[in-house]
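One structure below.
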Amino acid sequence: EETERRRWRSIRVMYLTMFLSSVGFSIVMSSIWPFLQKVDPSSSPTFLGWVLASYSLAQLFACPALGAWANARGSSMPLLTSMLLGTAGHVMYMYAHAVHSRGRFLVLAARIFLGLGAGTTQAVVRAFASAATNMDERTPVMANLSACQALGFILGPVLQTVLTWVGEEGVSWPPLALQLNMYTAPALLGAALTLANAILVTCAFWLAGWRARGEGEEVNNVSSETSNARERQYTRMSLNLLAVITSNILFFVTLFIFTVFETIATPLSMHMFAWSRAQAVLYDGLLLAGLGLQAIGVFMAAKPLTPRFFQ
């Protein structure tokens, strides 16, 4: 029974980790272009494209490496490493203004670090959740992870919208060479949340002394005998490679479409509606929050519908 409690406690920590990872990604989504213009007025839309692409490119190279590390050594250290990288990215983003004319390059570096951290976090979290659940539990747990991810996409832009009250100038802290405004305050909040999450993950994995199967230990007392029998039946089934490839393609297409909101939504709205930087951050943040609400409804509908149809 204690093992069961620890197992579900760790899974719930993964829910929170996925949520906070999404918040860290989306909390600056609508303000990157206005922030680049403020840091360096000579920043071009082309450079914005490189800043946004650097996040995904960092994910592309980091996920396989840290995924292999997680397979070999367990999830704890890769997760903590990715969170430290994400924290460093938020801090670099906060101090982009202090570099003056070169601030845009610090924003680029910050996005690389954030990509290294966020992509790896989400990959390891999903792998851990898959290893820590049986076949009956896996689909609801994965749906909950996706819902937490969507909820993070909602709350991130909402927090950015709320923090617009700080203003473009904000307040300065000369001892720390920090200017806290509507662009840097979300990064400060993201760094604090990431550090808090790292502490929570440390407690969940190391102090509880529990690890998912596939990392050196078997999960004991995971399910009833009926559930175990069903899992053994699934284990004997051959891998449907076509289904795996199709799922990956669908995931790619979904993220490809989502990139539209990350890349051109803010510049296009500023151009089409003559919005100021502050207005674009506010209204685009509300738009992204509405899209996140719609996504949560879809993910929650997947839980009751999955048992009625073949996945």
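Residue numbering for the sequence shown follows the numbering used here, starting at 983 and increasing by one per position. Think of the CB as a built atom: it goes at the ideal place given N, C-alpha and C, for glycine as much as any other residue.
Query raised in the report: Between which two residues does the alpha helix (DSSP H) carrying residue 1251 extend?
Result: Position 269 of the sequence shown, counting from 1, holds the residue named residue 1251. Unbroken alpha helix (DSSP H) run through residue 1251: 1247-1255.
Query raised in the report: Can you check whether the CB of residue 1071 is closer than 8 Å to the CB of residue 1078?
Result: For the purposes of this step, residue 1078 is taken as residue 96 along the sequence shown, with counting starting at 1. For the purposes of this step, residue 1071 is taken as residue 89 along the sequence shown, with counting starting at 1. No.
Query raised in the report: According to DSSP, what are the bridge partners of residue 1033?
Result: Numbered from its first residue, the sequence shown carries residue 1033 at position 51. Residue 1033 is not bridged to any residue.
Query raised in the report: What's the gap between the Cα of residue 1097 and the Cα of residue 1272?
Result: Here the question's residue 1097 lines up with position 115 in the sequence shown. Here the question's residue 1272 lines up with position 290 in the sequence shown. Spanning the two alpha carbons is a distance of roughly 24 Å.
Query raised in the report: Taking the C-alpha atoms as reference points, what is the distance between residue 1133 and residue 1107?
Result: Mapped onto the sequence shown, residue 1133 falls at position 151. Mapped onto the sequence shown, residue 1107 falls at position 125. If I take the Cα positions, the gap works out to 16 Å.
Query - residue 1054 Cβ short of 7 Å to the ligand ADP heavy atom set - result: Ligands in the displayed structure: none, and consequently the ligand ADP is not present.
Query - Sequence-distant residues of its chain with Cβ nearer than 7 Å to residue 1339 (five each side left out) - result: Since the first and last residues shown for the chain are 983 and 1293, residue 1339 lies out of range.
Query raised in the report: How would you write the range of the beta strand (DSSP E) that residue 1153 sits in, first residue to last?
Result: Working through the sequence shown from its first residue, we reach residue 1153 at position 171. Here the beta strand (DSSP E) through residue 1153 covers 1153-1155.
Query - C-alpha distance - residue 1014 paired with residue 1252, whole-angstrom precision - result: By 1-based counting over the sequence shown, the position of residue 1014 is 32. By 1-based counting over the sequence shown, the position of residue 1252 is 270. For residue 1014 and residue 1252, the distance between alpha carbons rounds to 13 Å.
Query raised in the report: Would residue 1130 be called buried (16 or more neighbouring beta carbons within 10 Å of its own) or exposed?
Result: Counting from one through the sequence shown, the residue named residue 1130 turns up at place 148. Burial call: buried.
Report task. Measuring only between beta-carbons, confirm whether residue 1130 sits less than 8 Å from chain D. Result -> Annotation note: the requested chain D is absent from the structure, which comprises a single protein chain.
Requested in this report: Report yes or no: do three or more beta-carbon pairs, one from the segment 1176-1189 and one from the segment 999-1006, lie closer than 8 Å?
Outcome: By the criterion of at least three beta-carbon pairs nearer than 8 Å, the segment 1176-1189 is in contact with the segment 999-1006.
Report task. Indicate whether residue 1024 and residue 1048 have their beta-carbon atoms separated by less than 8 Å. Result -> The count along the sequence shown starts at 1 and reaches residue 1024 at position 42. The count along the sequence shown starts at 1 and reaches residue 1048 at position 66. No, the pair does not count as a contact, with Cβ atoms beyond the cut-off.
Query raised in the report: When DSSP labels each residue in this structure, what does residue 1158 get in the three-state scheme?
Result: Here residue 1158 corresponds to residue number 176 of the sequence shown, with the count starting at 1. In this structure, residue 1158 counts as helix in the three-state DSSP scheme.
Requested in this report: Count the other C-beta atoms from every protein chain shown that fall within 10 angstroms of the C-beta of residue 1290, then say buried if there are 16 or more, exposed otherwise.
Outcome: Here the question's residue 1290 lines up with position 308 in the sequence shown. The residue in question, residue 1290, is exposed, as its Cβ has fewer than 16 Cβ neighbours within 10 Å.
Report task. Give the secondary structure of residue 1010 by DSSP, where H, G and I count as helix, E and B as strand, and everything else as coil. Result -> The residue given as residue 1010 occupies position 28 in the sequence shown. Note: residue 1010 maps to coil in three-state DSSP.
Report task. Inspect the CB distances between the segment 1120-1128 and the segment 1265-1284 and report whether three or more fall short of 8 Å. Result -> yes
Query raised in the report: In terms of alpha-carbon separation, which member of 1153, 1031 and 1099 lies closest to residue 1059?
Result: Mapped onto the sequence shown, residue 1059 falls at position 77. Nearest of 1153, 1031 and 1099 to residue 1059, Cα basis: 1099.
**Report entry** Nearest-angstrom Cβ-Cβ length linking residue 992 and residue 1109, presumed shorter than 8 Å
**Finding:** As a first step, residue 992 is located in the sequence shown; it is residue number 10 there, counting from the start. As a first step, residue 1109 is located in the sequence shown; it is residue number 127 there, counting from the start. Wrong, their Cβ atoms sit about 13 Å apart, outside the cutoff.
Requested in this report: Since I believe residue 1140 is in contact with residue 1279 (beta carbons under 8 Å), could you give me their beta-carbon distance rounded to a whole number of angstroms?
Outcome: The sequence position of residue 1279 within the sequence shown is 297, counting from 1. The sequence position of residue 1140 within the sequence shown is 158, counting from 1. Actually they are not in contact, since the Cβ atoms of residue 1279 and residue 1140 sit about 17 Å apart, beyond 8 Å.
Query raised in the report: For residue 1159, does the count of other Cβ atoms within 10 angstroms reach 16, so buried, or fall short, so exposed?
Result: Start at 1 with the first residue of the sequence shown, and residue 1159 comes out as number 177. By the neighbour-count rule (16 or more Cβ atoms within 10 Å), residue 1159 is not buried but exposed.
Requested in this report: State the start and end residues of the unbroken alpha helix (DSSP H) segment that holds residue 1144.
Outcome: Position 162 of the sequence shown holds residue 1144. Note, residue 1144: alpha helix (DSSP H), 1117-1144.
Query raised in the report: Buried or exposed: residue 1145, going by 16 or more other Cβ atoms within 10 Å of its Cβ?
Result: As a working mapping, residue 1145 is identified with position 163 in the sequence shown. Looking at its Cβ environment, which holds 16 or more other Cβ atoms inside 10 Å, residue 1145 is buried.
**Report entry** Close Cβ partners of residue 1154 (< 8 Å) along its chain, the five nearest in sequence each way excluded
**Finding:** On the sequence shown, residue 1154 is found 172 positions in, with the first residue counted as 1. Closer than 8 Å at Cβ, skipping near neighbours: 1160, 1161 and 1162.
Report task. With DSSP as the reference, label residue 1207 as helix, strand or coil. Result -> Residue mapping note: residue 1207 aligns to position 225 of the sequence shown, counting from 1. Because the pLDDT at residue 1207 is just 41, under 50, the model does not fix this residue reliably, and the point stays unresolved.
**Report entry** As assigned by DSSP and simplified to three states, the class of residue 1368
**Finding:** Residue coverage of the chain in this structure runs from 983 to 1293, which leaves residue 1368 outside it and unanswerable.
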